[in-house]
Amino acid sequence: RVYLDYENDDFLSNSPVNNTIRHQLEEMFKNRPSRYNFLDLNNDLDGEERLQHIKDQMRECQKVFFNLKNALTKIERQRKIFVKRTIQKSAGTTTMGTVRTTEMANNNCDINEMLFSINNYKLENVPNTLYYIPNFISTDEEECLLNCVNNVPKTRWKQLANRRLQNWGGQPHSKGMIVTETLPTWLDIFTKRIVNLGVFQSFIPNHCLINEYLPNQGIMPHTDGPLYYPVVSTISLNSHTIIEFYRTINDEEENREETVSNIQSRRICSVLLEPRSLFLVMNDMYKNYLHGIRELNEDEITNDICNLDLCDKSIVQLGNRLKRTTRVSLTIRYVPKVTKFQFANGIIKK
Numbered sequence: 006r007v008y009l010d011y012e013n014d015d016f017l018s019n020s021p022v023n024n025t026i027r028h029q030l031e032e033m034f035k036n037r038p039s040r041y042n043f044l045d046l047n048n049d050l051d052g053e054e055r056l057q058h059i060k061d062q063m064r065e066c067q068k069v070f071f072n073l074k075n076a077l078t079k080i081e082r083q084r085k086i087f088v089k090r091t092i093q094k095s096a097g098t099t100t101m102g103t104v105r106t107t108e109m110a111n112n113n114c115d116i117n118e119m120l121f122s123i124n125n126y127k128l129e130n131v132p133n134t135l136y137y138i139p140n141f142i143s144t145d146e147e148e149c150l151l152n153c154v155n156n157v158p159k160t161r162w163k164q165l166a167n168r169r170l171q172n173w174g175g176q177p178h179s180k181g182m183i184v185t186e187t188l189p190t191w192l193d194i195f196t197k198r199i200v201n202l203g204v205f206q207s208f209i210p211n212h213c214l215i216n217e218y219l220p221n222q223g224i225m226p227h228t229d230g231p232l233y234y235p236v237v238s239t240i241s242l243n244s245h246t247i248i249e250f251y252r253t254i255n256d257e258e259e260n261r262e263e264t265v266s267n268i269q270s271r272r273i274c275s276v277l278l279e280p281r282s283l284f285l286v287m288n289d290m291y292k293n294y295l296h297g298i299r300e301l302n303e304d305e306i307t308n309d310i311c312n313l314d315l316c317d318k319s320i321v322q323l324g325n326r327l328k329r330t331t332r333v334s335l336t337i338r339y340v341p342k343v344t345k346f347q348f349a350n351g352i353i354k355k
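Numbering (this note's numbering), first residue to last: 6 to 355.
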């Protein structure tokens, strides 16, 4: 399959890739009776002549595909040069929140991973630190991930009262994680893309929790606790949701009966999570605030949502009501490793 990049306008107009690829193909196939008929069997021949003719045709096919492979190699080299030059033209200090040019060149990166500062996606007027990156993955990648999630053995799913989930990477425990497996290969490209943001510092994510929420399903306000490195990254698939953050209960409220009204009085902000977005929770927001999702069939767009400026303008008009469908979330994080031996011989006893 020949790949033409129509997703980036600058690449389309400036790169030699899309201007030369048709030339390459036309040169290869100009003498063929049909561009789609690589093997001319010539039914007028029979016996040894027919066999020899087929062998000659096969050799011609090999030449065509060899030339095509070389052409695509050159095209990919040109694409990398274009990416590197585009990055170098951008203002680019190498900081924690900046994708580094050398990393991108060496990692055979996607064209959409151009240099950008993660600080452009930091949410303002909330405690530190929340980042919201819309369209972090493409629609094709979303479809691929959904297929991978839904095609695992049924035994991978664990059914809870208000959702079902898959656990990948190992079994988290209060002292760490019992490592039973590496993350599946179909998650590799996305974990690397998150790592390139620099938010995990020198750590590599090793755990992924996949949750499936139907309409009118959610999760009570909670914290993820000190087990995880204090960065949680979540990719949303197929449907939106609204996640809400709450301050913890103070001494005065501790003995008061917990009601929906009491919970909502502690709410400090809401964030709309669109399909294909990446949401990062770090620092104070991770350690000292609760987060949850209300059990609703639809969500109203209000001024309480603190990331409206980063969302799709066509759907986030105030007063709009967004109907939920089945949402799949991929929560990717780092957990300190614990071996089975350590678990069996020490942690349980403690």
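Cβ coordinates follow ideal geometry from the N, Cα and C atoms, glycine included.
- For Leu283 against Ile240, the beta-carbon gap comes to about 6 angstroms, under 8 angstroms, which counts as contact.
- Cα atoms of Gly203 and Thr190: separation of roughly 21 angstroms, rounded to the nearest angstrom.
- Taking all protein chains in view, the Cβ of Ile142 is crowded by 16 or more other Cβ atoms within 10 Å, so the residue is classified as buried.
- Per the Cβ contact rule, the segment 223-241 is not in contact with the segment 303-315 (fewer than 3 Cβ pairs under 8 angstroms).
- When secondary structure is reduced to three states using DSSP, Asp229 falls in the coil class, being assigned neither helix nor strand.
- Taking C-beta separations shorter than 8 angstroms and ignoring five residues to either side along the sequence, the partners of Val340 in its chain run Gly174, Gly175, Pro177, Gly181, Met182, Asn211, His212, Leu232, Tyr233, Tyr234, following chain order.
- By the criterion of a C-beta distance shorter than 8 angstroms, Glu300 is surrounded in its chain by Asn167, Asn221, Gln222, Gly223, once the five residues flanking it on both sides are discounted.
- With contacts defined by Cβ atoms closer than 9 angstroms, Arg338 and Val236 form a contacting pair.
- Counting only residues of its own chain and dropping the five nearest sequence neighbours on each side, Lys292 has a CB closer than 7 angstroms to the CB of Pro235.
- Between Arg332 and Ser244, the C-beta spacing is below 9 angstroms.
- The beta carbon of Met287 lies closer than 7 angstroms to those of Thr134, Val204, Pro235, Val236 in the same chain, with the five residues before and after it left out.
- The Cβ atoms of Pro132 and Asp317 lie no closer than 9 angstroms to each other.
- Beta bridge pairing from DSSP links Lys342 with Met182.
- Straight-line measurement puts the Cα of Phe195 at about 20 angstroms from the Cα of Asn124.
- Just so you know, the alpha carbons of Pro280 and Asn152 end up roughly 15 angstroms apart.
- Per the DSSP secondary-structure output, Tyr137 pairs in a beta bridge with Phe284.
- For Gly52, the secondary structure class from DSSP, reduced to helix, strand or coil, is helix.
- A distance below 8 angstroms between beta-carbons, with the five flanking residues on each side excluded, links Asn302 to the following residues of its chain, in chain order: Pro220, Asn221, Lys328, Arg329.
- In terms of Cα proximity to Leu335, the closest of Asn172, Arg55, Gly52, Leu165 is Asn172.
- Between the alpha carbons of Asn130 and Leu192 lies a gap of roughly 33 angstroms.
- Per DSSP, Ile194 is one residue of the alpha helix (DSSP H) stretching across 193-200.
- Here Gln164 carries a strand assignment [DSSP, helix/strand/coil].
- Membership of Thr144 in the alpha helix (DSSP H) is indicated by the continuous run 144-155.
- Distances from the alpha-carbon of Arg271 to those of Tyr137, Thr253, Glu217 put Thr253 closest.
- Taking all protein chains shown into account, Leu128 has 16 or more neighbouring C-beta atoms within 10 Å of its C-beta and is therefore buried.
- Judged by beta-carbon spacing, Leu242 lies within the 9 angstroms limit of Leu150, meaning their Cβ atoms are closer than that value.
- Between Phe250 and Leu188 a beta carbon distance of about 27 angstroms is seen, past the 8 angstroms cut, so the two are scored as non-contacting.
- For Glu305, the CB contacts under 6 angstroms within the same chain, skipping 5 residues up- and downstream, are Arg326 in chain order.
- The beta carbon of Tyr137 is closer than 7 angstroms to those of Tyr126, Leu128, Val276, Ser282, Phe284, Asn312, Leu315 in its chain, skipping five residues each way along the sequence.
- Under DSSP, the beta-bridge partners assigned to Asp304 are Leu327.
- Beta-bridge partners assigned by DSSP to Gly297: Glu249.
- Contact annotation: Ile320 and Thr246 have beta-carbon atoms that are not nearer than 9 angstroms.
- Boundaries of the beta strand (DSSP E) harbouring Tyr218: 212-218, taken from the DSSP string.
- Among the bridge pairs identified by DSSP, Asn125 is matched with none.
- Assignment of Ile310 by DSSP, reduced to helix, strand and coil, places it in the strand class.
- Just so you know, the alpha carbons of Asn308 and Asp229 end up roughly 27 angstroms apart.
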